[in-house]
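Residue numbers (this note's numbering): 843 to 1097.
Note that the Cβ used here is the ideal one computed from N, Cα and C, for glycine as well.
Shown next, in structure tokens, is the structure this report addresses.
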């Protein structure tokens, strides 16, 4: 069954745009708005233009609108300018939304809003949890200051782990299975921009390449093991690559 909500876009947003509740709320609104707008425009252009042209125009529109709204709304709200890393991540989220919209054969707006609402709720919960556990704050209001609270909850490892759990729950609710390379499209930008370790004795580029290669090798090993394993049906709803990536990052960061 094809998903009606952009799972890959939401998954990447859950990993990197949930450092606080405000960012998660605004990101989710932008993501859903861009998806619905893209679907409407794509249906209109399909009747007016050749297939390749309507797809190209829709993809460009989705990526441009998503990036523009992020830059205008989030940067205005938080009063800071995005760095190159965040701009690249916003571009990738837009690309994943476009990929989803262009792959849909039949558009069900009611189902999209239902699934999108639950995915949006998951995004907010992750943002709330990470902000509270890292800083003891919710919506930038200080609520607590316990000893177990640490900024480590802002680490990408927690983002990967919580995203894997959230997507697994959503898959069980909607009765979806993880198929193909869905998780890989989410993990590629994460691996490229967030290396689990650095080697100070080597140049920055060489250290980054070694970290990326090591991470990819471990992830590929886990993927191959799962491919040739007799996995029960209930586990097919688990985004195993997202969950395994969090543990791979955890192990590599120790060294």
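For residue i, the three-state DSSP class (helix, strand or coil)
| i | result |
| --- | --- |
| residue 1028 | helix |
| residue 995 | helix |
| residue 990 | coil |
| residue 859 | coil |
Of the listed residues the options, nearest to residue i (C-alpha basis)
| i | options | result |
| --- | --- | --- |
| residue 954 | 984, 875, 1030, 993 | 875 |
| residue 873 | 1090, 888, 915, 924 | 915 |
| residue 1036 | 1017, 1045, 981, 1094 | 1094 |
| residue 961 | 854, 990, 1087 | 854 |
| residue 907 | 933, 1086, 990, 1054 | 933 |
| residue 970 | 1065, 990, 894, 859 | 859 |
Beta-carbon proximity list for residue i, same chain, < 8 Å, skipping 5 on both sides
| i | result |
| --- | --- |
| residue 987 | 978 |
| residue 996 | 861, 972, 976 |
Contacting residues, own chain, Cβ-Cβ under 7 Å from residue i (five flanking each side not counted)
| i | result |
| --- | --- |
| residue 883 | 900, 903 |
| residue 1092 | 999 |
| residue 981 | 863, 864 |
| residue 928 | none |
Contact under 8 Å by Cβ, residue i with residue j
| i | j | result |
| --- | --- | --- |
| residue 1057 | residue 1028 | no |
| residue 965 | residue 856 | yes |
| residue 917 | residue 924 | yes |
| residue 850 | residue 941 | yes |
| residue 937 | residue 877 | no |
Neighbour flag for residue i against chain C, beta carbons, 8 Å
| i | result |
| --- | --- |
| residue 921 | Note that chain C does not occur in the displayed structure, where there is just one protein chain. |
Only counting runs of 4 or more residues, tell me where the alpha helix (DSSP H) segments fall wholly within the stretch 1011-1066, in order along the chain.
1024-1035
Those runs of the alpha helix (DSSP H) which lie wholly inside the stretch 891-953 and span at least 4 residues
893-911, 917-920, 926-945
Note down, one range per segment and in chain order, each alpha helix (DSSP H) of at least 4 residues found wholly within the stretch 951-980.
Listed in chain order, they are 951-977.
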